[in-house]
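Step one of this worksheet: look at the structure below.
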Amino acid sequence: MHVRAPDNQSLFTTKDLLWMLYLFPLRLLALAIPPSGLYTLGRLLAPPFRLTVRTQRQRARAWMREALPAGTPPEALDQAANQFVDRAVLRALDDLHLSRPTAADRLPAPEIEGREHLDEALAAGRGVLLVSGHFYANRLAKLQLRREGYPVMSVRNARPPDRWMGRLGRSLLQPRYIQFLHGVIRDEVHTQDPQCTLKIFQRLRSGGIVNVHIDAAFASHRQELPFLGRKRRFGTGLLEIIRLSGCTVLPMECHGNQRHVRIRFGAPIGFTPSAGRQEFVDNNLPLLKRRLEEMILTRPEEWELWVRL
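Take the sequence shown: its letters are residues -19 to 289, numbered as in this note's numbering.
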C-alpha cells in the first residue's frame, strides 16, 4: 500500500485509516499485553509501515543526504531512513503503554547525564527552560524526569498541520489523538491557549521547569536560517521568553525507548545581551539553531521532523 500526498480536501486518506486503527483496536489490544509484547508487535508492524510511508521515507532520506557529512555511504543513508521510520512505530507503541496511569512507575530507571546542571539551575531559583528538538524519546524522558522529582511542563501545538490527513482525520481523529496524548504528557500547555505565555512565565517564576522545542513551527514571529543543508523558519518567541524571564537555559537531549532511555543535560547556554527584541533574536537564534543541528546529526534517525509520517 502506497501513501500518495492527498489533496487537503480529501474526505478520507490512508493516514486517517492508520489513525483509526491506532486509536481504537490497537489501543485496546495494548491494554492486554506487556511492553515486551508491544515491541514484538512493533517489529512485525515496522516493515509494512515502512512500505506504506515509502514516499515520506524517500523524502527523509533525501534531506539526510543533504544534511549528513559529504561522502556518507548510501547504505548508511538507507539505514538511517529505515530506522527513522521504525522508531516512529516504536514511539507510537510506547505512547500506548505510557497512557496507562501507573506505567511510568514500572519503567527502568533512566540514565541521566549532566544532572548537576539541572540541580544547580533549579537552585538558582529563576526557573529552568529546557531547549530541545523533536526527538522520539522526549515524552518518555519527561515522564521519567517527573518520577525522578523533576516535573516538566511541555509547550505544544494542539493542532499541528498535516497534509497527509483528510477532512475526517482533521475533524474527528486528530482531536481524539490530542486528547490521548494529553494522557501521556499530562503536564502541558498548548500554544492555542490565550494564556500560554502567562503560564510559561508563572512556571518559571515559581522556580519550575519548562520544555520548548527549538524546531517548533508554531509562532507568530519567525526568522529564516540555513539549517541542515536547507532553509527553515524558526519561531522567535522562545528567545523573547529567555530575554524577559532571566531563567537558566539548558540543552536537553533524549534518546532510547522504554527498555532504556538516556537523558543528557548540557551546561547552561550563555546568551549575548542585547538592547531589544530583534537584536536579541539576531544575536542568539543562530546559537540555538547550531545546538539543534549538533543534536540531530548525533542521532539523525531519532529526529522526527525530517518529514511528517
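Positions of the beta carbon are idealized from the N, C-alpha and C atoms, including for glycine. Everything numeric in this text was worked out from a predicted model, so none of it was measured.
DSSP beta-bridge partners of residue i
{"i": "Lys211", "result": "Pro206"}
{"i": "Trp283", "result": "Phe115"}
{"i": "Glu134", "result": "Correcting the residue identity first, residue 134 is Ser in this sequence and not Glu. Paired residue(s): Glu168, Asn191."}
{"i": "Thr228", "result": "Val108"}
{"i": "Asn314", "result": "For residue 314 there is no data in the structure shown, the boundaries of the chain being -19 and 289."}
{"i": "Phe245", "result": "Met232"}
{"i": "Ile92", "result": "Ile243"}
Within 8 Å, strictly: CB atoms of residue i and residue j
{"i": "Gln59", "j": "Val287", "result": "no"}
{"i": "Asp(-4)", "j": "Met232", "result": "no"}
{"i": "Met0", "j": "Leu153", "result": "yes"}
{"i": "Arg139", "j": "Gly226", "result": "no"}
{"i": "Tyr19", "j": "Leu87", "result": "no"}
{"i": "Glu282", "j": "Arg41", "result": "no"}
{"i": "Ile276", "j": "Ala121", "result": "no"}
{"i": "Ile194", "j": "Val108", "result": "no"}
{"i": "Leu265", "j": "Pro248", "result": "no"}
{"i": "Leu78", "j": "Val135", "result": "no"}
{"i": "Arg210", "j": "Gln203", "result": "no"}
{"i": "Asn137", "j": "Thr82", "result": "no"}
{"i": "Glu91", "j": "His201", "result": "no"}
{"i": "Ser157", "j": "Leu21", "result": "Note that residue 157 is Tyr in the sequence shown here, rather than Ser. Taking 8 Å as the Cβ cut-off, Tyr157 and Leu21 do not qualify as a contacting pair."}
{"i": "Ala61", "j": "Met44", "result": "yes"}
Whole-Å CB distance - residue i paired with residue j, under 8 Å assumed
{"i": "Asp75", "j": "Arg119", "result": "7 Å"}
{"i": "Leu184", "j": "Val190", "result": "6 Å"}
{"i": "Arg127", "j": "Asp85", "result": "7 Å"}
{"i": "Arg39", "j": "Val65", "result": "Not really, about 11 Å apart at Cβ, beyond 8 Å."}
{"i": "Gln238", "j": "Pro15", "result": "5 Å"}
Cut-off 6 Å between Cβ atoms - residues of its own chain near residue i, not counting five sequence neighbours on either side
{"i": "Arg(-16)", "result": "Low local confidence applies: a pLDDT of 43 at Arg(-16) is under 50, so the model's placement there is unreliable, and no value is given."}
{"i": "Leu98", "result": "Phe245"}
{"i": "Pro(-14)", "result": "With a pLDDT of only 48 at Pro(-14), under 50, the local geometry of the prediction cannot be trusted, and no value is derived from it."}
{"i": "His235", "result": "Ala117, Arg242, Arg279, Glu282"}
{"i": "Met(-19)", "result": "In this predicted model, Met(-19) has a pLDDT of only 33, less than 50, meaning its place in the structure is not dependable; the value taken from the coordinates is given anyway. Cβ neighbours of Met(-19) beyond the five flanking positions: Thr32."}
{"i": "Gln(-11)", "result": "none"}
{"i": "Arg223", "result": "Phe260"}
{"i": "Lys179", "result": "Val169"}
{"i": "Glu46", "result": "Gly209"}
Residue from the options whose Cα sits closest to the Cα of residue i
{"i": "Glu93", "options": "Gly246, Phe251, Met275", "result": "Gly246"}
{"i": "Asp167", "options": "Gln124, Arg156, Phe198, Ala196", "result": "Gln124"}
{"i": "Gln63", "options": "Arg23, Arg202, Ile158", "result": "Arg23"}
{"i": "Lys269", "options": "Ala47, Pro27, Phe207", "result": "Phe207"}
{"i": "Arg271", "options": "Gly250, Ala89, Pro90, Leu224", "result": "Gly250"}
{"i": "Leu25", "options": "Gly256, Pro155, Pro141, Leu6", "result": "Leu6"}
{"i": "Gln258", "options": "Ile221, Leu289, Gln238", "result": "Ile221"}
{"i": "Gly129", "options": "Pro155, Ala89, Pro141, Gly51", "result": "Ala89"}
{"i": "Glu100", "options": "Phe198, Thr228, Glu46, Leu267", "result": "Thr228"}
{"i": "Phe198", "options": "Glu273, Pro141, Leu267", "result": "Pro141"}
{"i": "Glu274", "options": "Asn263, Pro49, Leu8, Arg150", "result": "Pro49"}
Same chain, Cβ closer than 7 Å to residue i, five either side skipped, listed in chain order
{"i": "Leu(-9)", "result": "Gly146, Arg147, Leu148"}
{"i": "Gly187", "result": "Leu102, Gly105, Gly107"}
{"i": "Val261", "result": "Gln203, Thr216, Leu219"}
{"i": "Phe181", "result": "Ser225"}
{"i": "Ser254", "result": "Phe260, Asn263"}
Beta-carbon proximity list for residue i, same chain, < 8 Å, skipping 5 on both sides
{"i": "Arg80", "result": "Leu11"}
{"i": "Cys176", "result": "Val135, Val169, His170"}
{"i": "Leu285", "result": "Gly113, His114, Asp195"}
{"i": "Met133", "result": "Asp167, Glu168, Val169, Lys179, Ile180, Arg183, Gly188, Ile189, Val190, Asn191"}
{"i": "Arg95", "result": "Phe245"}
Any C-beta of chain C under 8 Å from that of residue i
{"i": "Gln182", "result": "The displayed structure is made up of one protein chain only, and chain C is not part of it."}
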